[in-house]
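2 protein chains.
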Amino acid sequence: MADGGEPGTVRPGGRTARVREAVLRAAEDALTEQGFSGLDLADIARRADVGKTTVYRRWGTVAALVADLLQDMAEQSAPRTETGSLLGDLTANALLVQRTLTDPRQGPLFKALIAAATGDARTAAALHRFYDIRVREWAPCVRQAVERGEVPQGTDAHEVVRAVSAPLYYHLLISGDRLDETTAARAAEAAVTAARAGVYVTDRGTKA
Amino acid sequence: MADGGEPGTVRPGGRTARVREAVLRAAEDALTEQGFSGLDLADIARRADVGKTTVYRRWGTVAALVADLLQDMAEQSAPRTETGSLLGDLTANALLVQRTLTDPRQGPLFKALIAAATGDARTAAALHRFYDIRVREWAPCVRQAVERGEVPQGTDAHEVVRAVSAPLYYHLLISGDRLDETTAARAAEAAVTAARAGVYVTDRGTKA
Chain A
3 MADGGEPGTV RPGGRTARVR EAVLRAAEDA LTEQGFSGLD LADIARRADV
53 GKTTVYRRWG TVAALVADLL QDMAEQSAPR TETGSLLGDL TANALLVQRT
103 LTDPRQGPLF KALIAAATGD ARTAAALHRF YDIRVREWAP CVRQAVERGE
153 VPQGTDAHEV VRAVSAPLYY HLLISGDRLD ETTAARAAEA AVTAARAGVY
203 VTDRGTKA
Chain B
3 MADGGEPGTV RPGGRTARVR EAVLRAAEDA LTEQGFSGLD LADIARRADV
53 GKTTVYRRWG TVAALVADLL QDMAEQSAPR TETGSLLGDL TANALLVQRT
103 LTDPRQGPLF KALIAAATGD ARTAAALHRF YDIRVREWAP CVRQAVERGE
153 VPQGTDAHEV VRAVSAPLYY HLLISGDRLD ETTAARAAEA AVTAARAGVY
203 VTDRGTKA
C-alpha cells in the first residue's frame, strides 16, 4: 500500500485515485440525469474535467466504466445493522433499501444501472456482483437468528435477505406503487414471518 | 362494432386491425432482439411491411407505440386460475409469471419494457397500467380466501398478488439468481404464509 511512486503502480490517494473518483462521480451524475442510453465516455471525461484519452485508456467502454462504478458502490456501501432480533435487523435493512431507492439521486442511479444491465451481459454481471456483496453483508443476521432459534435450521439466509428487498424493487420498477416506510416494514415482516414458518428452508423434501 | 365501412371508423378485423397487429408484433420482435435503446419507428415499419407514414401517423413516437403494445398485451393476457385454495391459486399465478419471464421471447421482451419505463414517464405509466390490470385479474382469489376464512378481513388483495411476483422479478432483474419452479412455489408460499399471519392487513394500527 506504499505510495512509492514506482512507475506503473497505483498510489492510493494519489492522482490515479483522484481521477477514478472524479470519473466515477461524473458517470453517476450522467446516469442520474439522463439514464443509461445517453451515456458517452467523452461526455463523462468532460464532466470529470479529465482528459478523454485517460478515460478511454483506463476504462475503454461505457460497460467497463459502469462495472467499475458498481464495484466502487459495493466498496462504499454501509455495513449491516445488528439489533438483536431478525425482525429488527431486516426492518433496518428494508428501511435502508427504501431510503436509497427513494433518494432523488440514488433512486434514478439504481434505475439506470438496472436498465443498463438488461441490455448488456457485462453490466448484468457487475450488477449481480454488487447485489451478491450486499446480500452477503446482511446474511449473517439470518444465521444469527438460526442460532437464537428464531428461524429453523437450514434456512437459506441469502434468499431471506433477497425476499426483503424484492417488494421494494417491484414497487420501484414494475408497479409504480408507493415506496414508503410502511412498504419497507411490511416487506421485512413478511420475510420474517415466512422464514419462521420454514418457507426458506432448502431441501425440505429430501431432509424431511 | 359493425364493420360498416363509414369513413374514419375502425373496423375490427379489418385493415386497421391487421396493420396494428403487424406493427405490434414487429415492435415485440425488435424489443426482444435488440432491447429498447435501438427502437426506431422506421425499422419497425420495415419489419411489419407497413408504410412508414402509416406508422408515424398512427403512433407518432416510440413511446406511444410501446404504450399501445402494453395495452394489447394486457388485453391478450391469460385469465386467472381458480383452484379452491389461496396457495393453489397463487402458486398457479407464480408459475405463470415464472414461465413468462423465462420464456426465450417473453423474458427479453419484459426486460426491455421495464428498462424502457425507467427512462420515459409515458412508458412507465403504460407499464404500471399493464401490471395494475394483471393484479386486478388475480386479486379476487385473495378476496375469496378472505370469504373462506383463510386470511384475515382487511387483507390488501393487490399487495398479496404483488408480493408473489416480486421475488421473481428480483431474480430476473436484480440478483440474476435462478428463476425456476422452486423459486415460484416458494414465492407463493411466502406470500400466503405472511397473508395468513395478517401481514397484509391494512390500517392494523388504527383498527386494532
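In order, the protein sequence lines correspond to chains A and B. Using the working numbering, the first residue of the first sequence is number 3, and each one after it goes up by one. Using the working numbering, the first residue of the second sequence is number 3, and each one after it goes up by one. Using N, Cα and C, we set each Cβ at its ideal position, and we do this for glycine too. On a predicted model such as this, the values are computed, not experimentally measured, just so you know.
Residues sharing a beta bridge with residue i, DSSP
i, result
"Thr-157/B", "Val-203/B"
Top-ranked residue by Cα proximity to residue i, from the options
i, options, result
"Gly-37/A", "Val-137/A, Leu-111/A, Val-99/A, Arg-145/A", "Leu-111/A"
"Asn-95/A", "Pro-81/A, Thr-104/A, Asp-105/A", "Pro-81/A"
"Ala-147/B", "Thr-83/B, Leu-43/B, Arg-198/B", "Arg-198/B"
"Ala-69/A", "Thr-55/A, Arg-22/A, Gly-200/A", "Arg-22/A"
"Thr-56/A", "Val-25/A, Arg-180/A, Ala-29/A", "Val-25/A"
"Gly-40/B", "Leu-181/B, Ala-118/B, Thr-185/B, His-130/B", "Ala-118/B"
"Arg-180/A", "Arg-101/A, Ser-87/A, Leu-115/A", "Arg-101/A"
"Asp-140/A", "Asp-45/A, Val-52/A, Thr-83/A", "It is Trp, not Asp, that sits at residue 140/A in the sequence shown. Of the listed residues, the one whose Cα sits closest to Trp-140/A is Thr-83/A."
"Thr-34/B", "Thr-85/B, Ile-116/B, Asp-51/B", "Ile-116/B"
"Val-52/B", "Thr-85/B, Arg-17/B, Ala-76/B", "Arg-17/B"
"Gly-200/B", "Thr-63/A, Ala-193/A, Arg-60/A", "Ala-193/A"
"Arg-131/A", "Met-75/A, Thr-63/A, Leu-43/A, Ala-114/A", "Met-75/A"
"Asp-122/A", "Lys-113/B, Asp-122/B, Ala-123/B", "Lys-113/B"
"Ser-79/B", "Gly-86/B, Val-99/B, Thr-85/B, Thr-63/B", "Val-99/B"
Beta-carbon spacing of residue i, residue j below 8 Å
i, j, result
"Arg-49/B", "Ala-32/B", "yes"
"Tyr-133/A", "Ser-177/B", "yes"
"Gly-156/B", "Thr-93/B", "no"
"Arg-145/A", "Ala-159/A", "yes"
"Thr-195/B", "Thr-195/A", "yes"
"Leu-175/B", "Thr-125/A", "no"
"Leu-97/A", "Glu-183/A", "yes"
"Glu-30/A", "Leu-67/A", "no"
"Ala-1/B", "Lys-54/B", "Lying before the first or after the last residue shown, residue 1/B is absent from chain B, which here runs from 3 to 210."
"Ala-128/A", "Gln-73/A", "yes"
"Asp-91/B", "Cys-143/B", "yes"
"Leu-88/A", "Val-153/A", "yes"
Interface partners of residue i on chain B, CB under 7 Å
i, result
"Gly-121/A", "Gly-37, Ser-39, Ala-117"
"Asp-195/A", "The sequence shown places Thr at residue 195/A, rather than the Asp named in the question. Result: Thr-195, Ala-196, Ala-199, Val-201."
"Tyr-133/A", "Ile-176, Ser-177"
Neighbouring residues, chain A, relative to residue i (Cβ below 9 Å)
i, result
"Arg-164/B", "Pro-169, Tyr-172, His-173, Ile-176, Ser-177, Asp-179"
"Arg-59/B", "Residues of chain A passing the Cβ test: none, with the nearest at roughly 26 Å."
Neighbouring residues, chain B, relative to residue i (Cβ below 9 Å)
i, result
"Glu-211/A", "Since the displayed chain A opens at 3 and closes at 210, residue 211/A lies outside it and no answer follows."
Contact set between residue i and chain B, taken where Cβ atoms lie within less than 8 Å
i, result
"Ala-126/A", "Gly-178"
Residue i at chain C interface by Cβ criterion, 8 Å
i, result
"Ala-76/B", "Reference to chain C is not applicable here, since the protein chains of this structure are A and B."
Contacts of residue i in chain A (Cβ-Cβ under 8 Å)
i, result
"Arg-1/B", "This structure cannot settle anything about residue 1/B, because the visible part of chain B is limited to 3 through 210."
Closer than 7 Å at the beta carbon, the chain A residues around residue i
i, result
"Asp-114/B", "Note that residue 114/B is Ala in the sequence shown here, rather than Asp. What Ala-114/B touches in chain A: Thr-120."
### Message
When you compare the region 136-146 of chain B with the region 157-169 of chain B, are there three or more beta-carbon pairs, one atom per stretch, that lie closer than 8 Å?
### Response
The region 136-146 of chain B, when compared against the region 157-169 of chain B, does touch it at the 8 Å Cβ threshold.
### Query
Is it true that the region 184-192 of chain B meets the region 169-176 of chain B, where meeting means three or more beta-carbon pairs spaced less than 8 Å apart?
Yes: the two stretches touch, three or more of their Cβ pairs being nearer than 8 Å.
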